[in-house]
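Written below as structure tokens is the structure these notes are about.
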Amino acid sequence: MLTVTDLAVSYGAIKALRGISFTVSAGEILTLIGSNGAGKTTCLHALSGLLRKAGGRVEFQGEDISALPPERIVRLGLVQVPEGRRIFANLTVRENLETGAFLRRDRSGIRSDMERVCTLFPRLKERMRQYAGTLSGGEQQMLAMGRALMARPSLLLLDEPSMGLAPILVDEIFSIIREINREGVTVLLVEQNACKALSVANRACVLETGEIRQQGNARDLLHDDRVKQAYLGGS
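First residue of the sequence shown: 0, per my numbering; consecutive thereafter.
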């Protein structure tokens, strides 16, 4: 579904991504793990068209999207849930969800997807008229994910979905990620909680200082001594 070849991104003289290459297959969950500053979020922003690429090529479902603007990329079905939620605090839950469908014109499909989001996130259904800024952190994360699903993605980019959440909510969010994937949405997951990410993913790439140092089966990496030492507390 996604082929990334020699992707490079620079911030001035700083090389944030140094020519990384990887693929995401339809139906899988691929996770990018690594420490802060490794280039994980930069990678997602580059794929979404939010950052100018210094080099490389990105193909999505066989189409070169390397130079496309973000709105065109969203139309094609590649949709990002940003780090830190980025919900619209002064809009209601319903209005936030509706913004996710901004580029769509299929009213019956939008209604159907709204019902689907309410099934996935029952808490949102209970709070449709509530202002998003009054939601808890976990509910705001659910809203950000639901808003992205309203764009009907075939590939969902998730950036740090567990950030700042209590452990019980982290478990709930990851359970929902599995459910979204089971329903047919491919997922590219960036996550600081490497143990959780590897437990939910099919495959994984380990990013260090803008380069992919390891990649392979997520379960294998979960038990890899180097990965355990660097990202799983050595346990």
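Beta carbons: idealized from backbone N, C-alpha and C, even for Gly.
{"Query": "Check this for me: beta carbons of Thr185 and Met0, under 8 Å apart or not?", "Result": "yes"}
{"Query": "Per DSSP, what kind of secondary structure is Val23 in: helix, strand or coil?", "Result": "strand"}
{"Query": "Have a look at Asn180 and Val199 and give me their C-alpha separation to the nearest angstrom.", "Result": "10 Å"}
{"Query": "DSSP three-state label for Ala53, please.", "Result": "coil"}
{"Query": "Below 8 Å between beta carbons: does that hold for Leu31 and Leu206?", "Result": "yes"}
{"Query": "In the DSSP assignment, what residue or residues form a beta bridge with Leu197?", "Result": "Bridge partners of Leu197: none, in fact."}
{"Query": "Would you mind giving the Cβ-Cβ distance between Ile175 and Phe21, rounded to the nearest angstrom? I have them listed as a contact below 8 Å.", "Result": "25 Å between Cβ atoms; not a contact."}
{"Query": "Going by alpha carbons, who is nearest to Gly132 out of Thr2, Glu70, Arg84?", "Result": "Arg84"}
{"Query": "Since Leu29 and Arg202 are thought to touch, with beta carbons under 8 Å apart, how far apart are those beta carbons, to the nearest angstrom?", "Result": "5 Å"}
{"Query": "Based on Cα-Cα distance, which residue from Met113, Leu134, Tyr230, Lys52 lies nearest to Ala88?", "Result": "Leu134"}
{"Query": "Would you grab the beta carbon distance between Leu102 and Val73 for me? Rounded to a whole angstrom, and I think it's under 8 Å.", "Result": "6 Å"}
{"Query": "I'd like the list of long-range same chain contacts for Gly38, defined as Cβ closer than 6 Å, with 5 residues on each side in sequence excluded.", "Result": "Ala15, Leu16, Leu206, Gly209"}
{"Query": "In whole angstroms, what is the alpha-carbon distance linking Gly163 and Val169?", "Result": "9 Å"}
{"Query": "Ignore the nearest five residues each way along the sequence and tell me which others in Ile19's own chain have a CB closer than 6 Å to its CB.", "Result": "Leu6, Ile211"}
{"Query": "Cβ atoms of Glu159 and Glu82: under 8 Å apart, would you say?", "Result": "yes"}
{"Query": "Is the separation between the beta-carbon of Met127 and that of Arg104 shorter than 8 Å?", "Result": "no"}
{"Query": "What's the gap between the Cα of Ile109 and the Cα of Ala100?", "Result": "7 Å"}
{"Query": "Kindly indicate which residue of Leu197, Gln139, Val78, Gly76 has the alpha-carbon position closest to the one of Ala217.", "Result": "Leu197"}
{"Query": "Are Gln213 and Leu220 closer than 8 Å when you measure CB to CB?", "Result": "yes"}
{"Query": "Per DSSP, what kind of secondary structure is Asn95 in: helix, strand or coil?", "Result": "helix"}
{"Query": "Among residues of its own chain, excluding the 5 on either side of Lys52, which ones have a beta-carbon nearer than 7 Å to its beta-carbon?", "Result": "Leu6, Ala7, Val8, Ala45, Ser65"}
{"Query": "To the nearest whole angstrom, what separates the beta carbons of Gly48 and Leu67, a pair I think is in contact under 8 Å?", "Result": "6 Å"}
{"Query": "Any idea what DSSP makes of Asp235, helix, strand or coil?", "Result": "Limits of the chain in this structure are 0 at one end and 234 at the other, which puts residue 235 out of reach."}
{"Query": "Residues bridged to Phe59 by DSSP?", "Result": "Leu1, Glu62"}
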